DNA sequence: GTGCGCAATCGTTGATCAAATGTCAAGATC
DNA sequence: GATCTTGACATTTGATCAACGATTGCGCAC
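Residue numbers (this note's numbering), protein chains in the order written: chain D, 1 to 245; chain G, 1 to 245.
Now the structure itself:
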């Protein structure tokens, strides 16, 4: 056991554990989150669990009804579509802005995260892979220097993780996604915002297709092919700025 | 006094009260939030206050340092600019989408919120005016049917409120802002997305200018004129969609 | 200038309060 | 006679409280 307990509070651990459990479907969609039950499983009292649930509720991953407790939000094709609509718009803006400020430090941090992710993939460590993947993307978004935009990305991102997990079980498309990561990074290093946005759009489109496939398989539902956005062309002309300085 | 106490939990009341206090600068930027002190003021125990602080932290309005407590985040010209960068992008996308689905129910709800806001302005009730204003905007955003996008708007929106309050003291521009609201609504009723986005851009530009003016006056700082975004033209070509159904 | 100790404050716990739901039985209705 | 409704009670569960424990930072002494 690490000394994590000294730096991470009980609520931190509970939040992380709960998030993983929801992502991995150990707590299925619609299931109620019972404070006492979870507290016993984690070996803490109810309060840190309560706080963890409130944190997830702040991201809209669980729904809280006052005096009745919390439930895991349901998954659906509509929600998946909605989630990726938000991601496509917000993350493309962030990537576009990031290209303007991308430094060698950013490049190093992103490359390190990528290497870590691929290592974790090989080792079969899903949690580490997920962490590294998130770090890769947010190193980029942070490079945009648009803190409130990045803050707005987080809820949709975390919700997307719920759909991504099932998709990740299919190893076939893994090489493609890794390739897309590399291309995004290399475009950013060249400060080629347009190309970075193109690859990001490809990347998210790949992700949502695979996720939709997996969800359709789960629910036994058929689905029409995805309409690919033309956001790449649009963003080449997008130069919104509020300059006060 | 209403029976609100029966439906709102102590934490709800504490969160609302704290938010107002931060918005109105009764708790100034940088000030620490002491649990016991706030609990005594509110006549509750420390727990609901603690939860209220965590909620505000989830929106990044306050910063929490573990074992050291929470502080109100500082205001700055850079943060104001960043906040409105996010708002300009996200809220314009929402408005653009809302134009596609705007119904008479949406129109009625938005018009009611506007009427309520103007009544509250006349009555000098800042809290009611703020509430009605938020309701007006989010009726529109909700009409976009993009839940995760709207969810992503919230943090920047709430942060903007911190700057808006000072600006609202200047009554001169009030009529202009009310006019902008009316124009946005009327464009949406006509399903004229481009015009709605143009007015929204004007509206946010007006807001950020007034807010920057107020902030500059407070800090004794001079500032250059604002560069106005060309988002309106861009959005006319923006038709990103992920269709899975 | 350095180190020790005390006070202040957050994090966590276990207990208590209150609301909501499910159960069971008695009575009414068909 | 069977079924549905109703109301009280018990149980479950979340919300709140007050006390304890741990950590940090400040101040004072050396």
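Ideal Cβ placement from N, Cα and C applies to all residues, glycine included.
None of the values given here were measured: they were computed from a predicted structure.
Test: residue i CB closer than 8 Å to a CB of chain D
{"i": "residue 146/G", "result": "yes"}
{"i": "residue 48/G", "result": "no"}
{"i": "residue 140/G", "result": "no"}
{"i": "residue 102/G", "result": "no"}
{"i": "residue 65/G", "result": "no"}
{"i": "residue 9/G", "result": "yes"}
{"i": "residue 137/G", "result": "no"}
{"i": "residue 32/G", "result": "no"}
{"i": "residue 90/G", "result": "yes"}
{"i": "residue 82/G", "result": "yes"}
{"i": "residue 35/G", "result": "no"}
{"i": "residue 23/G", "result": "no"}
{"i": "residue 55/G", "result": "yes"}
{"i": "residue 13/G", "result": "no"}
Own chain residues within Cβ distance below 6 Å of residue i, not counting five before or after
{"i": "residue 208/D", "result": "84"}
{"i": "residue 135/D", "result": "113"}
{"i": "residue 14/G", "result": "42, 48, 49, 52"}
{"i": "residue 216/G", "result": "223"}
{"i": "residue 22/G", "result": "72"}
Cβ distance (whole Å) where residue i is taken to contact residue j below 8 Å
{"i": "residue 184/G", "j": "residue 196/G", "result": "6 Å"}
{"i": "residue 173/D", "j": "residue 206/D", "result": "7 Å"}
{"i": "residue 165/D", "j": "residue 24/D", "result": "6 Å"}
{"i": "residue 210/D", "j": "residue 170/D", "result": "6 Å"}
{"i": "residue 97/G", "j": "residue 145/G", "result": "7 Å"}
{"i": "residue 262/D", "j": "residue 99/D", "result": "The structure shown has nothing for residue 262/D, since chain D only spans 1 to 245."}
{"i": "residue 251/G", "j": "residue 33/G", "result": "Missing from the structure shown is residue 251/G; chain G here goes from 1 to 245 and no further."}
{"i": "residue 147/D", "j": "residue 82/G", "result": "5 Å"}
Rounded separation between residue i and residue j - CA only
{"i": "residue 201/D", "j": "residue 37/G", "result": "50 Å"}
{"i": "residue 153/G", "j": "residue 17/G", "result": "22 Å"}
{"i": "residue 193/G", "j": "residue 187/G", "result": "7 Å"}
{"i": "residue 118/G", "j": "residue 162/G", "result": "20 Å"}
{"i": "residue 79/D", "j": "residue 168/D", "result": "19 Å"}
{"i": "residue 177/D", "j": "residue 204/D", "result": "9 Å"}
{"i": "residue 214/G", "j": "residue 111/D", "result": "43 Å"}
{"i": "residue 31/D", "j": "residue 74/G", "result": "40 Å"}
{"i": "residue 160/G", "j": "residue 158/D", "result": "24 Å"}
{"i": "residue 116/G", "j": "residue 19/G", "result": "21 Å"}
{"i": "residue 55/D", "j": "residue 218/D", "result": "28 Å"}
{"i": "residue 129/D", "j": "residue 122/D", "result": "9 Å"}
{"i": "residue 60/G", "j": "residue 88/G", "result": "19 Å"}
{"i": "residue 8/G", "j": "residue 66/D", "result": "9 Å"}
{"i": "residue 132/D", "j": "residue 220/G", "result": "44 Å"}
{"i": "residue 76/D", "j": "residue 125/D", "result": "27 Å"}
{"i": "residue 29/G", "j": "residue 212/D", "result": "45 Å"}
{"i": "residue 68/D", "j": "residue 12/D", "result": "23 Å"}
Interface flag, residue i vs chain G, CB-CB below 8 Å
{"i": "residue 159/D", "result": "yes"}
{"i": "residue 152/D", "result": "yes"}
{"i": "residue 85/D", "result": "yes"}
{"i": "residue 194/D", "result": "no"}
{"i": "residue 164/D", "result": "no"}
{"i": "residue 51/D", "result": "yes"}
{"i": "residue 58/D", "result": "yes"}
{"i": "residue 156/D", "result": "yes"}
{"i": "residue 75/D", "result": "no"}
{"i": "residue 149/D", "result": "yes"}
{"i": "residue 93/D", "result": "yes"}
Residues near residue i in its chain [Cβ-Cβ closer than 8 Å; skip 5 each side]
{"i": "residue 103/D", "result": "143"}
{"i": "residue 90/D", "result": "149, 152, 153, 156"}
{"i": "residue 282/G", "result": "Only positions 1 to 245 of chain G appear in this structure, which leaves residue 282/G out of reach."}
{"i": "residue 27/D", "result": "18, 21, 33, 72"}
{"i": "residue 137/D", "result": "91, 157"}
{"i": "residue 101/D", "result": "143, 144, 145"}
{"i": "residue 107/D", "result": "185, 188, 189"}
Contact set for residue i: own chain, Cβ-Cβ below 7 Å, skip 5 residues either direction
{"i": "residue 86/G", "result": "156"}
{"i": "residue 244/D", "result": "In this prediction, residue 244/D scores a pLDDT of 39, lower than 50, which makes its location untrustworthy; no coordinate-derived value is stated."}
{"i": "residue 45/G", "result": "39"}
{"i": "residue 109/D", "result": "139"}
{"i": "residue 35/G", "result": "46, 49, 50"}
{"i": "residue 120/D", "result": "128, 129, 132"}
**Request:** Could you tell me which uninterrupted alpha helix (DSSP H) segments, each at least 4 residues in length, are contained entirely in the segment 160-207 of chain G, listed from first to last along the chain?
**Result:** 174-189
**Request:** Mind listing, in chain order, the continuous beta strand (DSSP E) runs of no fewer than 3 residues lying wholly within the segment 13-98 of chain G?
**Result:** 62-65, 69-72
**Within the segment 114-160 of chain G, ranges of the alpha helix (DSSP H) (whole runs, at least 4 residues)** = 126-143
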